[in-house]
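Notes for the one structure printed next.
Protein chains in written order, with the working numbering: chain E, 71 to 332; chain L, 20 to 276.
Below, the structure is given as C-alpha cells:
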C-alpha cells in the first residue's frame with residue numbers, strides 16, 4: 071500500500087479506457103480530486119459520466135488505466151480489500167436505490183450494521199439523527215421506501231450516504247427528477263452535510279444549477295475525455311465552445327448528442 | 020460451410036452460459052460456508068420457502084396421491100393385482116411424485132419470486148448500493164436463499180409424502196373399499212428407508228437448483244421491466260428442466276442395477 075501524503079489526491083483516475091462493444095465510452099480519461107474538494111463532472115447524457123463513477127466505485131472495471139484512492143491502486147483488488155476501500159465511500163444513487171424490504175431507518179443504518187458491525191440499537195439512534203440532519207421527522211423512519219415521495223427518497227438516500235461518516239461521497243445526478251425547489255433543497259443539504267463531515271465529493275450531473283451550487287471545481291466530460299476543468303467561478307468564461315454550448319443548453323454547436331446510452 | 024457458423028456460435032454461447040452459472044454457483048456456495056452468516060435473512064427465506072409453500076405442495080401431493088390410487092386400482096384390476104395399490108402409492112409418492120411435484124411447484128412459486136425480487140434490485144441499482152455499502156450481494160442475497168432452498172424443500176417433501184399417501188388412503192378406503200388397517204400395514208410393510216431417503220436427497224438438490232436459478236437469472240437481469248420479466252421466465256423454465264434432468268441422474272445413482 072502506498073502511504074498517502076498531503077499532496078496525494080484523494081481520488082486519482084489516470085488514462086481510463088472503457089468500451090462496450092465498438093462504442094468507446096472512456097478514452098484516456100484523467101481526473102484528480104484533492105482532499106476535501108468538491109468536484110462535479112458535467113456532460114450530456116450517454117457521455118460516460120456514470121461509467122466513470124461506477125469504475126471508481128468498483129462496480130465496473132476499466133480495460134486500461136489506473137484508479138487510486140489515497141494513493142492506493144484499487145483496480146483488481148480482492149473482494150475483501152475492495153470492501154475495506156468501500157468503507158471510505160458514501161453514495162447517493164440517481165433513483166435513491168433504497169432497499170424496498172427494509173424500513174427507512176434500516177436503510178440509513180444498513181452500512182453501520184452490515185459494513186461497520188455497529189450494534190443495532192446504536193445504529194438506529196444514528197439513523198434517526200441522520201434523518202433529522204436531512205430535514206425529515208422521526209416518524210419517517212418507520213415508513214417503507216415505497217411510501218416516500220421522490221424528494222424524500224433522495225433525502226433518505228443522502229442520509230444513508232452520510233450515515234457511516236465516509237471520507238468520500240459520490241452523487242449520481244442528485245437533482246434529476248425533482249422540481250426546482252426540491253432540487254435546491256437537496257443541493258443545500260449536500261453542501262451542508264458534506265461541509266459538516268469535511269468529506270471529499272465527486273458528483274456527476276447535467277443540472278448546471280446544481281453543479282454551480284455544490285462544486286468547488288467543474289470538469290466537463292466529452293468523447294470519453296475531460297475536455298475542460300476549472301474553478302466553478304470560471305465556468306462562464308471558460309473560452310471552451312463545448313462548455314459554452316453545454317452550460318447554455320444550446321442545440322446548435324460542436325456537441326453532437328449521443329443517441330444510445332453506453 | 021456457413022451452416023456450421025450458427026451451430027458453433029450457439030455451442031460457444033452455451034459453454035459461456037454454463038461457465039458463468041458454474042462460477043456463480045461456486046462463489047455463492049463459498050459464501051454459504053464462510054462467516055458472516057445472516058441468520059435473520061436465512062430465517063426469513065426459510066419461512067418464505069417452507070411455510071408459505073406448504074398449502075400449494077400439500078394440495079398438489081394430496082390430489083396426486085388420490086389420482087394415483089384411482090389409476091393404479093383401475094389399471095391393476097385388469098390382472099387382479101388391486102392389493103398392490105398401497106405399495107404403488109407409497110413408492111411413487113416417496114421416490115418420484117413427492118420430490119418432483121414439490122420441486123416444480125416451488126420452482127414456479129419461489130424461483131419466479133426470487134428472480135423478480137433480485138432482478139428488480141438489479142435494475143433499480145439496489146445491488147450496486149449493497150456493494151457500495153461494503154456488503155457482498157452473494158453473501159447477503161444469494162447465500163441465504165440457497166441455504167433455505169437446500170434445507171426447506173426436503174422438509175416440504177416429507178410433509179408432502181405423508182399428505183400424498185393420505186390422499187391415496189382416503190380414496191382406497193372410502194371409495195374403493197380397502198380395509199383401513201390392511202392398507203396402512205401394506206404401506207408400512209413395503210416401504211424402505213431408501214425410498215424416503217432418495218426422495219429427500221432429490222428434494223435437497225431440487226431446492227438448491229430452484230434457489231440457484233432464481234438468484235442467477237435475477238442477478239444478471241438487464242434492461243428494466245422487460246429484463247426482469249425475462250429473468251423470471253428463464254428462472255422457472257431452467258429450474259424445471261434441471262429438476263427433471265437431475266431427477267433422472269439421482270434415480271440412476273440410487274436405483275440402477
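Think of the CB as a built atom: it goes at the ideal place given N, C-alpha and C, for glycine as much as any other residue.
9 Å Cβ cutoff met for residue i and residue j
i	j	result
residue 235 of chain L	residue 160 of chain L	no
residue 247 of chain L	residue 135 of chain L	yes
residue 169 of chain L	residue 227 of chain L	yes
residue 178 of chain E	residue 253 of chain E	no
residue 108 of chain L	residue 88 of chain L	yes
residue 301 of chain E	residue 315 of chain E	no
residue 256 of chain E	residue 221 of chain E	yes
residue 232 of chain E	residue 267 of chain E	yes
residue 283 of chain E	residue 258 of chain E	yes
residue 125 of chain L	residue 225 of chain L	yes
residue 121 of chain E	residue 289 of chain E	no
residue 270 of chain L	residue 97 of chain L	no
residue 173 of chain L	residue 250 of chain L	no
residue 116 of chain L	residue 210 of chain L	no
residue 138 of chain E	residue 87 of chain E	no
residue 275 of chain E	residue 234 of chain E	no
residue 62 of chain L	residue 188 of chain L	no
residue 240 of chain E	residue 280 of chain E	no
residue 163 of chain L	residue 60 of chain L	yes
residue 82 of chain E	residue 96 of chain E	no
residue 297 of chain E	residue 313 of chain E	yes
residue 148 of chain L	residue 159 of chain E	no
residue 52 of chain L	residue 121 of chain L	no
residue 123 of chain L	residue 262 of chain L	yes
Expected contact under 8 Å - CB spacing of residue i and residue j to nearest Å
i	j	result
residue 184 of chain L	residue 112 of chain L	6 Å
residue 167 of chain E	residue 245 of chain L	With a Cβ gap of about 20 Å, residue 167 of chain E and residue 245 of chain L do not count as contacting.
residue 167 of chain L	residue 230 of chain L	7 Å
residue 76 of chain L	residue 179 of chain L	5 Å
residue 287 of chain E	residue 107 of chain E	6 Å
residue 80 of chain E	residue 103 of chain E	5 Å
residue 152 of chain L	residue 184 of chain E	6 Å
residue 257 of chain L	residue 157 of chain L	Not a contact, Cβ separation roughly 19 Å.
residue 145 of chain E	residue 136 of chain E	6 Å
residue 171 of chain L	residue 68 of chain L	4 Å
First and last residue of the uninterrupted beta strand (DSSP E) at residue i
i	result
residue 87 of chain E	81–90
residue 273 of chain E	270–275
residue 289 of chain E	287–292
residue 147 of chain L	Counting along the chain, residue 147 of chain L falls outside any beta strand (DSSP E), though it belongs to the alpha helix (DSSP H) covering 145–151.
residue 210 of chain L	From DSSP, residue 210 of chain L is part of no beta strand (DSSP E); its letter is neither H nor E.
residue 163 of chain E	Element bounds for residue 163 of chain E: n/a, residue is neither H nor E.
residue 301 of chain E	295–301
residue 136 of chain E	134–139
residue 249 of chain E	Careful: residue 249 of chain E lies outside any beta strand (DSSP E) and carries neither H nor E.
residue 242 of chain E	238–242
Start-to-end residues for the alpha helix (DSSP H) that takes in residue i
i	result
residue 118 of chain L	117–125
residue 105 of chain L	104–111
residue 273 of chain L	243–274
residue 322 of chain E	Where residue 322 of chain E is concerned, there is no enclosing alpha helix (DSSP H), given that its DSSP letter is neither H nor E.
residue 188 of chain E	Premise fails: residue 188 of chain E is in no alpha helix (DSSP H) and is neither H nor E.
residue 154 of chain E	149–156
residue 76 of chain L	73–95
residue 24 of chain L	23–51
residue 282 of chain E	278–284
residue 63 of chain L	58–65
residue 214 of chain E	Neither: residue 214 of chain E is in no alpha helix (DSSP H) and is coded neither H nor E.
residue 174 of chain E	174–180
residue 226 of chain E	220–232
residue 137 of chain L	131–142
Check: residue i C-beta below 8 Å from any heavy atom of the ligand COA
i	result
residue 82 of chain E	The model on display carries no ligand, and the ligand COA is accordingly not part of it.
*Residues from the region 133–153 of chain L in contact with chain E, defined by Cβ distance under 7 Å*: In summary, the residues of the region 133–153 of chain L whose CB is separated from some CB of chain E by less than 7 Å are 143, 144, 145, 147, 148, 150, 151, 152 and 153, in the order they occur in the chain.
_Interfacial residues, the region 159–185 of chain E to chain L, with Cβ spacing under 7 Å_ = Listed by position along the chain: 159, 161, 163, 165, 167, 169, 180, 181, 184 and 185.
*Could you list the residues in the region 127–145 of chain E with a C-beta less than 9 Å from some C-beta on chain L, going in chain order?*
Answer in chain order: 127, 128 and 129.
*asked:* Counting only Cβ-Cβ distances shorter than 7 Å, please list the residues of the region 234–263 of chain E near chain L, keeping chain order.
replied: For chain L, none of the residues of the region 234–263 of chain E brings a beta carbon within less than 7 Å of one of its beta carbons.
*Quick one: which unbroken alpha helix (DSSP H) runs of 4-plus residues sit fully inside the region 84–131 of chain E? Chain order, please.*
Positions of the alpha helix (DSSP H) runs, each at least 4 residues long and wholly inside the region 84–131 of chain E, are given as 119–127 in order along the chain.
*Using a beta-carbon distance cut-off of less than 7 Å, what residues from the region 202–228 of chain E approach chain L?*
Of all residues in the region 202–228 of chain E, none has a C-beta nearer than 7 Å to a C-beta of chain L.
*asked:* Tell me which residues of the region 89–103 of chain E have at least one Cβ-Cβ distance to chain L shorter than 7 Å, keeping chain order.
replied: Flagged: no residues at all.
*Which residues, in order along the region 175–206 of chain L, keep a beta-carbon less than 7 Å from a beta-carbon of chain E?*
Using a CB distance below 7 Å, no part of the region 175–206 of chain L faces chain E.
*Residues in the region 263–286 of chain E with C-beta within 7 Å of chain L's C-beta atoms, listed in sequence order?*
Within the region 263–286 of chain E, no residue has a Cβ that lies closer than 7 Å to any Cβ of chain L.
*What are the complete alpha helix (DSSP H) segments, minimum 4 residues, inside the region 153–223 of chain L?*
Runs of the alpha helix (DSSP H) inside the region 153–223 of chain L: 162–193 and 199–209.
*chain E contacts made by the region 241–259 of chain L, where a contact means CB separation under 7 Å*: So the list is empty, because no residue satisfies the distance condition.
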